[in-house]
């Protein structure tokens with residue numbers, strides 16, 4: 001059996017897809033900042049798509065061996081990215097709590113050519129808890145409060161991120177701009 005030609009492999013490789021993934025504990029502002037990045041990119045005329053991965057995995061019952069519906073998230077993201085790409089998207093903004101870098105493999109598989117930059121958003125636990133208490137939710141707020149407390153410490157030591165960005169006492173737009181600058185996404189300086 002002959003070795004594959006490296007030039008042919010390169011020519012057949014999918015185009016690079018810059019992916020910006022916002023992570024952090026419940027209440028830190030992942031979805032809010034991702035939506036702001038979406039708005040800024042749209043204003044700048046940058047072809048992109050935005051997905052809250054927790055939303056596309058929201059399905060019950062969940063399999064006993066897949067508490068967070070990772071397989072469903074992967075399958076849905078793969079279908080969505082194919083459609084986004086056909087519609088002209090060249091970049092992807094994601095939000096999701098990410099406890100292990102190993103989960104990035106399923107994103108890379110679902111989005112061929114993905115070049116993923118993980119931004120961990122931070123805020124003091126008291127601020128995160130205040131945000132959780134003030135928002136409406138269909139689930140018991142205590143679950144989110146407990147999960148936030150657990151995740152603040154867990155994510156600080158897990159080192160899943162490429163960059164850490166503070167999301168306290170500033171606008172979501174400022175946080176999104178800093179994250180995109182750190183990820184090397186030009187054109188969003190305003």
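In full-length UniProt numbering, the protein residues as written are 1 to 190. For every residue, glycine included, the Cβ atom is placed at its ideal position computed from N, Cα and C.
- Message: Using a Cβ distance threshold of 8 Å, determine whether the segment 60–70 contacts the segment 15–27, with at least three qualifying pairs required.
- Response: As far as the Cβ criterion goes, the segment 60–70 does not touch the segment 15–27, which means the pair count is below three.
- Task: Alpha carbon to alpha carbon, how far is residue 122 from residue 193? Give it in angstroms, no decimals.
- Result: The structure shown does not extend to residue 193, since the chain is modelled only from 1 to 190, so the question has no answer here.
- Hey, is the segment 165–185 in contact with the segment 73–90, meaning 3+ C-beta pairs nearer than 8 Å? Contact fails: fewer than three Cβ-Cβ distances are below 8 Å.
- Rounded to whole angstroms, how far is the Cβ of residue 192 from the Cβ of residue 168, which I believe are closer than 8 Å? Residue numbering for the chain in the displayed model covers 1 to 190; residue 192 lies beyond these limits and cannot be assessed.
- Task: Note down, one range per segment and in chain order, each alpha helix (DSSP H) of at least 4 residues found wholly within the segment 137–182.
- Result: Within the segment 137–182, the complete alpha helix (DSSP H) segments of 4 residues or longer fall at 141–158, 172–182, listed in chain order.
- Message: Going by beta-carbon coordinates alone, are residue 31 and residue 95 separated by less than 9 Å?
- Response: It is a contact, given that the beta carbons lie within the stated cut-off.
- Taking all protein chains shown into account, do 16 or more other C-beta atoms lie within 10 angstroms of the C-beta of residue 150, making it buried, or fewer, making it exposed? So residue 150 counts as exposed.
- Count the other CB atoms within 10 Å of the CB of residue 36; is the residue buried (16 or more) or exposed (fewer)? Buried is the call here.
- Task: Grab the span of the alpha helix (DSSP H) containing residue 131 for me, first residue to last.
- Result: DSSP places residue 131 inside the alpha helix (DSSP H), whose first and last residues are 125–134.
- Task: Return the residue from the list 130, 34, 43 that minimises the CA-CA distance to residue 145.
- Result: For residue 145, the closest alpha carbon among the candidates 130, 34, 43 is that of 130.
- Message: Given this structure, state the Cα-to-Cα distance separating residue 74 from residue 133, to the nearest angstrom.
- Response: Roughly 30 Å between the two C-alpha positions.
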